[in-house]
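**Student:** Below are the structure tokens for one structure; questions will follow.
Number of protein chains: 2
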Amino acid sequence: MKTKFNVAVVGATGAVGEQIIRLLEKRDFPVDKLKLLSSARSAGTVLRFKGQEITVEEAGPDSFEGIDIALFSAGGDVSKELAPHAVRHGAVVIDNTNAFRMEPTAPLVVPEVNADMISKHQGIIANPNCSTIQMVAALKPLYDRFGISRIIVSTYQAVSGAGAKAINEMLRQSKEVLEGNDPKPDILPVGSLPVKHQIAFNAIPQIDKFQDNGYTLEEMKMVRETKKIFGDDSIEVTATCVRIPVVYGHSESVYVEFKNDYELEEVRSLLADAPGITLVDDPASQSYPLATEAAGKEDVFVGRLRRDLGNKRGLNMWIVSDNLLKGAAWNAVQIAEIIAKQG
Amino acid sequence: MKTKFNVAVVGATGAVGEQIIRLLEKRDFPVDKLKLLSSARSAGTVLRFKGQEITVEEAGPDSFEGIDIALFSAGGDVSKELAPHAVRHGAVVIDNTNAFRMEPTAPLVVPEVNADMISKHQGIIANPNCSTIQMVAALKPLYDRFGISRIIVSTYQAVSGAGAKAINEMLRQSKEVLEGNDPKPDILPVGSLPVKHQIAFNAIPQIDKFQDNGYTLEEMKMVRETKKIFGDDSIEVTATCVRIPVVYGHSESVYVEFKNDYELEEVRSLLADAPGITLVDDPASQSYPLATEAAGKEDVFVGRLRRDLGNKRGLNMWIVSDNLLKGAAWNAVQIAEIIAKQG
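Protein sequences appear in the order of chains A and B. The first sequence: position 249 = 249 (full-length UniProt numbering), numbered continuously. The second sequence: position 276 = 276 (full-length UniProt numbering), numbered continuously.
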């Protein structure tokens, strides 16, 4: 049984890649050799890991020889092209893109919910979408206890979910507005689509491309991934995904209808005891989760718990987490830690 | 029958008062004499109306002699104290505060929904809360056609709803963050409460004070006012009200469950034909309502219409309107116009 692992990070110079490297260091992950990979454009960049300097190399089909665990976060196209090569070389791939999430052979894993699926992989384990991860992590203890019949979620998503360029655009536009100038939209809502909208001091109800059914891809990810992660197609999910001018941290207004009656005090105690969840819920002291306070932290923060006054099985919740950490890098590193423990 | 009216605006120097004066001018309201009233602090300010200069006077119990219509927007306490004096002097009060909204004798009016209630007033007509007005205006044609059994709403509310000081705070904090400094919270979420939170680049799930049931007053306003305006206690409403860094324009993610089956095309055509509603709903051209585009306009903008994939009677909508206009000043002036027509 191996106790140290050769690890590759694909997309090492990106926002999520940077957090993966930081977390491998912070968690003292049993790294034997760390290989940092990127596109040709970023290759040659020198990054630090545990006091060592590592030069980023261009990722290619033969980059994965001797690699045990490969963490991908360089976009869906890169994963589709290179993940099979990593598997061919014997690596376990933890993929942070949308490329394999709905593939029946790829487990879609949030460790707090379905860590048992990790051992069933056939080479590729998919990391869910950021907005799905924090929601299902918070709902898991309630699902186990009361059953869930439906979820109605509205998101308040940070621009960092659209990459470093979107952060820069939002900050630049904010400055332009404050100076009395016209803010020029350039990237958001979707870089590859023709129409752009101002994000500074605005709320854009579009994340990713529209599907034929009128939902955006981001909204459909929340619907499909939630069912797959819980392994329960009976959960009805409907989502409205909205980008707001926040840098780090997705917030979610989640309405959940349980299959069974519940007591609010039991919901509170289940969440207070759940791994990876921090309960922040004290109206008397105006305490509730906030994006600015969740930023940089690994946990999922839950608050504003209150019963629907019209439906005794309905509960309103406010769920906040750092979209680059639990929503991406941290969830991936958690999966890697479980794989490492299993040797 | 009168054809010209003596009009008083209480709170004339505030954000809503300013918009009321602008709208009376823009709509060529049949004003005989316009009296502008404020607190002692703002009295003496000179404002312009149709080319004339009008000096703002301090509002008091005897300010309303000869006044036909008094528009109040100077806070609940001022309304509670002075509106009865206005009524005593024979004026019809259109009150923009929370003071009388749930009083059984005060009609709570959104003209597109229940204009018929105006004639039933006993001196005071209440203007609903901003977040309620835009939602019920958009839901009215759908309520009439399909019936509504429940509404689940999450709001994305502009800081202007908390007054000019909150706008200044949000802009100041934004500048502080952009300059790399620590933003100092001073006003939001609730000026009169001890705990303050950063609003710049954040989302605060608290608008107004918490009630004993865990909901905020803003959330309970949406629940109670919706039932009263539709005159239908059977509508179940649950709300999550959130302040986001937007200056003007509240956005709302509204999930509505109809009593009867519906066709999406009919929803579209009902909304396209409804008075005061502008349908902005074309995913192919990435068209949907945006706060920045609704700002300064009187209409309620509706889009992102799509059926809940799990509940054939469920519909998701995105509703946006300028909270100072349809959400306050414009709704009040609409009511005043109907009173004027009735002489």
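Cβ atoms here follow ideal geometry from the backbone N, Cα and C, with glycine treated the same way.
#1: Taking CB distances under 7 Å as the criterion, tell me whether P245/B reaches chain A.
#2: Contact criterion: CB-CB distance below 7 Å. Does N181/A meet it with respect to chain B?
#3: From T278/B to L178/A, what distance separates their C-alpha atoms?
#4: Is any beta-carbon of chain A found at less than 7 Å from that of S192/B?
#5: Using a Cβ-Cβ cut-off of less than 7 Å, give me the residues of the stretch 107-120 of chain A that come near chain B, in sequence order.
#6: Would DSSP call S149/A helix, strand or coil?
#7: Quick one: residues in its chain with C-beta nearer than 8 Å to the C-beta of I229/B, no 5 flanking neighbours on either side, listed in chain order?
#8: Would you tell me roughly how many angstroms separate the C-alpha atoms of G123/A and V16/A, rounded to the nearest one?
#9: Is the CB of F201/B under 7 Å away from at least one CB in chain A?
#10: Roughly how many angstroms lie between the CA atoms of N6/A and C241/A, to the nearest whole one?
#11: Does the stretch 43-51 of chain B come within contact of the stretch 320-331 of chain A, defined as at least 3 CB pairs closer than 8 Å?
#12: Using the Cβ count rule (16 or more neighbours within 10 Å means buried), how would you classify Q198/B?
#13: Can you list, in chain order, the residues of its chain whose CB lies under 6 Å from that of S38/A, leaving out five sequence neighbours each side?
#14: Please decide whether W318/A counts as near chain B, where near means a Cβ-Cβ distance under 7 Å.
#15: For a contact defined as C-beta to C-beta under 7 Å, what are the partners of Y288/B on chain A?
#16: Please report the straight-line C-alpha distance between L217/B and R224/B, rounded to a whole angstrom.
#17: Let me know the secondary structure DSSP gives G327/A once reduced to three states.
#18: Alpha carbon to alpha carbon, how far is F210/A from D116/A?
#19: At which residues does the alpha helix (DSSP H) containing E176/A begin and terminate?
#20: Looking only at its own chain, which residues have a Cβ that is under 7 Å from the Cβ of Q334/A, when we skip the five neighbours before and after it?
#21: Taking buried to mean at least 16 other C-beta atoms within 10 Å of its own C-beta, is V254/A buried or exposed?
#22: Would you mind giving the Cβ-Cβ distance between H250/A and T155/A, rounded to the nearest angstrom? I have them listed as a contact below 8 Å.
#23: For E265/B, would you say it is in contact with chain A, using Cβ-to-Cβ distances shorter than 7 Å as the test?
#24: Pop quiz: Q173/A and A200/A are said to be a contact at Cβ under 8 Å. What is the actual Cβ separation, rounded to whole angstroms?
#25: Starting from D95/A, follow its DSSP beta bridges and name the residues at the other end.
#26: Taking A203/A as the reference, which of D182/B, G191/B, A332/B and V247/B has the closest Cα?
#27: Drop a sphere of 10 angstroms on the beta-carbon of K120/A, count the other beta-carbons inside from all chains shown, and report buried for 16 or more, exposed for fewer.
#28: Taking D186/A as the reference, which of P205/A, A162/A and G180/A has the closest Cα?
#29: Near L264/B, what residues of its chain come up, given a Cβ to Cβ distance below 6 Å and the 5 sequence neighbours on each side ignored?
#30: Return the Cβ separation of V31/A and L71/A in integer angstroms, given the expectation that the two are a contact with Cβ distance under 8 Å.
#31: Indicate whether at least one CB of chain B lies closer than 7 Å to the CB of D308/A.
#32: Given that Y156/B touches chain A, what residues does it touch there, using C-beta distances under 8 Å?
#33: Chain B partners of P189/A, CB-CB under 9 Å?
#34: Opposite R243/A in the DSSP bridges: which residues?
**Tutor:** From the atom records:
#1: Sequence index remark: in the second sequence, residue 245/B carries index 245 (1-based). Yes, P245/B counts as interfacial toward chain A.
#2: Along the first sequence, one-based indexing puts residue 181/A at 181. Taking Cβ atoms only, chain B never reaches closer than 7 Å to N181/A, which makes this a no.
#3: Along the second sequence, read from residue 1 onward, the residue named residue 278/B stands at position 278. Along the first sequence, read from residue 1 onward, the residue named residue 178/A stands at position 178. If I take the Cα positions, the gap works out to 29 Å.
#4: Translated into the one-based positions of the second sequence, residue 192/B becomes position 192. Output row for S192/B: interface = no.
#5: none
#6: For the purposes of this step, residue 149/A is identified with residue 149 of the first sequence, where counting begins at 1. It is a strand residue.
#7: Residue mapping note: residue 229/B aligns to position 229 of the second sequence, counting from 1. Cβ neighbours of I229/B beyond the five flanking positions: L108, V109, V110, V113, N114, P128, T132 and V136.
#8: Translated into the one-based positions of the first sequence, residue 123/A becomes position 123. Translated into the one-based positions of the first sequence, residue 16/A becomes position 16. For G123/A and V16/A, the distance between alpha carbons rounds to 21 Å.
#9: The residue you call residue 201/B lines up with position 201 of the second sequence. Output row for F201/B: interface = yes.
#10: As a first step, residue 6/A must be located in the first sequence, where it is residue number 6. As a first step, residue 241/A must be located in the first sequence, where it is residue number 241. Whole-angstrom Cα-Cα distance: 37 Å.
#11: no
#12: Counting from one through the second sequence, the residue named residue 198/B turns up at place 198. With 16 or more other Cβ atoms within 10 Å, it is buried.
#13: In the first sequence, counting from the first residue as 1, residue 38/A sits at position 38. Once the five neighbours on either side are set aside, the close Cβ partners of S38/A are A12, T13 and V56.
#14: Numbered from its first residue, the first sequence carries residue 318/A at position 318. Yes, its Cβ sits closer than 7 Å to a Cβ of chain B.
#15: As a first step, residue 288/B must be located in the second sequence, where it is residue number 288. The contacting residues are P205 and Q206.
#16: Stepping through the second sequence from its first residue, residue 217/B is reached at position 217. Stepping through the second sequence from its first residue, residue 224/B is reached at position 224. Roughly 10 Å between the two C-alpha positions.
#17: Working through the first sequence from its first residue, we reach residue 327/A at position 327. Three-state DSSP puts G327/A in a helix.
#18: Taking the first sequence and counting its residues from 1, the one referred to as residue 210/A is at position 210. Taking the first sequence and counting its residues from 1, the one referred to as residue 116/A is at position 116. Their Cα atoms are separated by approximately 33 Å.
#19: Locating residue 176/A in the first sequence gives position 176, counting from the first residue. Here the alpha helix (DSSP H) through E176/A covers A164 to L178.
#20: Within the first sequence, residue 334/A is the residue found at index 334, counting from 1. Closer than 7 Å at Cβ, skipping near neighbours: P111.
#21: Sequence index remark: in the first sequence, residue 254/A carries index 254 (1-based). By the neighbour-count rule (16 or more Cβ atoms within 10 Å), V254/A is buried.
#22: Against the first sequence, residue 250/A aligns to sequence position 250. Against the first sequence, residue 155/A aligns to sequence position 155. Their Cβ separation, rounded to whole angstroms, is 6 Å, which keeps H250/A and T155/A in contact under 8 Å.
#23: Against the second sequence, residue 265/B aligns to sequence position 265. No, because no Cβ of chain A sits closer than 7 Å to the Cβ of E265/B.
#24: Within the first sequence, the letter at position 173 stands for residue 173/A. Within the first sequence, the letter at position 200 stands for residue 200/A. Right, the Cβ-Cβ distance comes to about 4 Å (below 8 Å), so this counts as a contact.
#25: Position 95 of the first sequence, counting from 1, holds the residue named residue 95/A. In DSSP, D95/A forms a bridge with F72/A and A126/A.
#26: Taking the first sequence and counting its residues from 1, the one referred to as residue 203/A is at position 203. Here the closest residue by C-alpha is V247/B.
#27: Translated into positions along the first sequence, residue 120/A becomes position 120. With fewer than 16 other Cβ atoms within 10 Å, it is exposed.
#28: As a first step, residue 186/A must be located in the first sequence, where it is residue number 186. Comparing Cα positions, the closest option is A162/A.
#29: Looking up residue 264/B in the second sequence gives position 264. Answer for L264/B: R307, listed in chain order.
#30: Looking up residue 31/A in the first sequence gives position 31. Looking up residue 71/A in the first sequence gives position 71. Not quite, the Cβ-Cβ distance comes to about 11 Å (not below 8 Å), so this is no contact.
#31: As a position in the first sequence, residue 308/A is number 308, starting the count at 1. True, the Cβ-Cβ gap to chain B drops below 7 Å.
#32: Taking the first residue of the second sequence as 1, we reach residue 156/B at position 156. Under the 8 Å cutoff, chain A gives Y156, A203, V242 and I244.
#33: Here residue 189/A refers to the residue found at position 189 of the first sequence. By Cβ distance, chain B contributes Q286.
#34: Here residue 243/A corresponds to residue number 243 of the first sequence, with the count starting at 1. Q157/A and I204/A.
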